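Colleague: Here's a structure for you.
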Amino acid sequence: MKKILVSTGGGDCPGLNAVIRAITRSARRSGNWEVWGSMEALNGVMQDPPDLMQLTEANTAGIHIKGGTMLKTTNLGNPLEYPVQQPDGSWKKMDITPSVAERIRSLGFDVLINIGGDGSQRISQALWENGLPVIGVPKTIDNDLHATDLTFGFTTAVQIATDSFDKLVTTAESHHRVMIMEVMGRDAGWIALHTAIAGGAEICLIPEIPFDLDKIMETIRERYEHGKGFVNIVIAEGAKPKGGKVVGVRSGNHAEEHIKLGGVANYLRVLLEEAGCPAQVRATILGHVQRGGTPVAFDRILATAMGAKAFELADAESWGRMVAFKNNTVTSVAFHEVAKEPKLLSPDHYLLLVAKSIGISFGD
Ligand code: F6P
């Protein structure tokens with residue numbers, strides 16, 4: 104029997120379990136493969152003894168409807184920038200992918216299926232360049248990967264955000280308030296834009312279009328002057344004012360890479376209040392609620408199709424590729440084609456034009 108190692112890395116995302124289940128079931132049917140999972144991303148293989156779990160039809164049965172990942176995950180311990188303590192007590196980030204690749208090989212695995220976002224796929228490529236057979240499966244609620252038209256988890260996040268938005272509309276209406284709802288997405292406005300259209304927001308603020316406070320105030324005043332009496336705003340966590348900066352904190356943890364975004368909804372609330380907003384303003388930050396719970400049917404299907412494709416590539420020894428969803432079908436791209444920059448909303452994206460045509464303001 105040949106052996107597949109599966110890993111889930113980076114932030115979790117609804118649909119990860121469906122991928123794990125699809126790989127396990129496809130492998131079981133082929134009759135030639137055993138499937139194992141590395142616990143907590145690749146930390147499982149790096150430990151001594153390794154923390155691995157054999158994946159079977161029995162222990163993956165029904166998991167496709169559950170959020171999270173049965174293999175657990177982490178965004179710490181990136182082997183490309185692994186913090187190694189130096190003799191003087193300081194920390195230095197080092198590339199330890201050669202030893203991770205060697206370790207996976209020495210444990211008898213024939214291929215690694217690495218399920219993760221942009222950071223994880225850079226690790227996939229590095230391990231592949233170190234001679235390890237690797238296949239990537241993309242995931243992120245942010246939908247910001249160039250190589251794939253869609254990522255599983257995104258549609259679930261939009262549904263959760265839209266359900267929350269609907270609830271805020273009724274309370275905004277009752278109190279004649281301005282409600283601001285902050286959604287995730289890092290540097291991309293995909294979740295915000297989809298939620299604004301689905302929910303019927305008056306204003307949508309996204310990282311790709313820095314906002315002008317005067318324009319936002321204009322839209323709010325018009326609404327109140329025309330007797331509408333309430334306003335609902337969706338703001339992406341990475342949105343910023345023209346000439347301004349994103350709201351977030353740099354983590355004090357030496358192992359974390361990113362600025363933690365969050366809080367721009369409150370920042371905007373204060374700006375609106377100081378500018379004389381004609382109504383009370385309240386801010387809601389959805390946060391990790393968007394990543395939790397059961398995946399919607401579409402994400403279960405997309406994740407299952409991606410898992411089956413990953414196994415197909417493994418079985419065909421088509422290493423060095425990442426599964427992708429393009430033109431309504433599941434396909435794959437070579438790691439070197441996976442762009443390093445995030446996929447952002449272009450000014451002529453059809454949904455941006457739709458939103459503008461129905462009168463959603465982007466504060467520009
Ligand atoms: O990339 C997914 C995402 O949920 C982003 O939308 C968000 O900025 C980030 O991860 C949050 O990361 P963490 O779980 O580390 O707080």
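Numbered according to my numbering, the sequence shown spans residues 104 to 467.
Note that CB positions come from ideal geometry on N, CA and C, so glycine has one too.
Quick caveat: nothing in here was measured; it's all calculated off a predicted structure.
1) For a test of your reading of the model: does the CB of L364 fall under 7 Å from any non-hydrogen atom of ligand 1? Yes or no.
2) Closest by CA to I336, which one among I199, N369, W194?
3) Could you say which of L253, L248, T127 lies nearest to H167 if we only look at CA atoms?
4) Is the region 207-224 close to the region 260-276, with three or more CB pairs under 8 Å?
5) Per DSSP, C380 is paired with what?
6) Between T407 and A125, which are expected to be in contact by the criterion C-beta below 8 Å, what is the C-beta distance as a whole number of angstroms?
7) Measure the Cβ-Cβ separation of I226 and L158 and say whether it is below 8 Å.
8) Quickly, what does DSSP pair V109 with across the bridge? List them, please.
9) How about V426 and A437: do their beta carbons lie closer than 8 Å?
10) On the DSSP bridge list, what partners appear for N335?
11) Among residues of its own chain, excluding the 5 on either side of T254, which ones have a beta-carbon nearer than 7 Å to its beta-carbon?
12) On a CA-only basis, which of E276, W422, I463, E311 is nearest A304? Give me that one, please.
13) For C307, list the residues DSSP reports as bridge partners.
14) Starting from R353, trace the beta strand (DSSP E) both ways and give me its first and last residue.
15) Please determine whether the Cβ atom of E184 lies at a distance below 7 Å from any heavy atom of ligand 1.
16) Which residue comes first and which comes last in the alpha helix (DSSP H) that contains V399?
17) In the DSSP assignment, find the unbroken alpha helix (DSSP H) run with Q189 in it and report its ends.
18) Given the structure, does T243 come close to ligand 1, in the sense that its CB is under 7 Å from one of the ligand's heavy atoms?
19) Tell me, which residues are paired with S202 by DSSP?
20) Can you tell me whether P153 is helix, strand or coil according to DSSP?
21) With DSSP as the reference, identify every bridge partner of Y185, one or two as the case may be.
22) Would you say the beta carbon of N508 comes nearer than 7 Å to a heavy atom of ligand 1?
23) Under 6 Å Cβ to Cβ from R131, same chain only, skipping five residues before and after it: list those, please.
24) Looking only at its own chain, which residues have a Cβ that is under 7 Å from the Cβ of D467, when we skip the five neighbours before and after it?
25) Apart from the five residues just before and just after R206, which ones in its own chain have a Cβ nearer than 6 Å to its Cβ?
26) Can you tell me where the alpha helix (DSSP H) with T432 in it begins and where it stops?
27) In terms of residue numbering, what span does the alpha helix (DSSP H) encompassing V426 cover?
28) Let's see if you can read the secondary structure: which residues bound the alpha helix (DSSP H) around L296?
29) Using only the alpha-carbon positions, how far apart do I199 and Y185 sit?
30) Check whether the Cβ of R372 lies closer than 7 Å to any heavy atom of ligand 1, and answer yes or no.
31) So, is N135 buried or exposed, given that buried needs 16 or more other C-beta atoms within 10 angstroms?
32) In three-state DSSP terms, what is Y453?
33) Is it the case that the Cβ atoms of V281 and I294 are separated by a distance below 8 Å?
34) Can you tell me where the beta strand (DSSP E) holding G239 begins and where it ends?
35) From which residue to which residue does the alpha helix (DSSP H) around K318 run?
Modeller: In terms of the structure at hand:
1) yes
2) N369
3) T127
4) Using a Cβ-Cβ distance cut-off of 8 Å, the region 207-224 and the region 260-276 are not in contact, since fewer than three pairs of beta carbons, one from each stretch, lie closer than that value.
5) Answer is none; C380 lacks a bridge partner.
6) 4 Å
7) Contact: no.
8) G140, I216
9) no
10) Within the DSSP bridge table, the entry for N335 names M282 as partners.
11) P241, K242, T243, N246, L248
12) That would be I463, whose Cα lies nearest to the Cα of A304.
13) V337
14) 351-353
15) no
16) For V399, there is no enclosing alpha helix (DSSP H), as DSSP marks it with neither H nor E.
17) Q189 -> no alpha helix (DSSP H), and no H or E assigned at all.
18) yes
19) Per DSSP, none; premise fails for S202.
20) coil
21) M197.
22) Here the chain covers residues 104 to 467 and nothing more, so residue 508 does not appear.
23) E160
24) So the list reads I312, F314, D315, K318, once near-sequence residues are dropped.
25) V148
26) Element bounds for T432: not the alpha helix (DSSP H) but the beta strand (DSSP E), 432-437.
27) Here V426 belongs to no alpha helix (DSSP H); instead the beta strand (DSSP E) covers 424-429.
28) For L296, the enclosing alpha helix (DSSP H) has its first and last residue at 293-302.
29) The alpha-carbon atoms of I199 and Y185 are separated by roughly 7 Å.
30) No.
31) exposed
32) helix
33) no
34) 237-241
35) Secondary structure note for K318: its alpha helix (DSSP H) is the uninterrupted segment 316-328.
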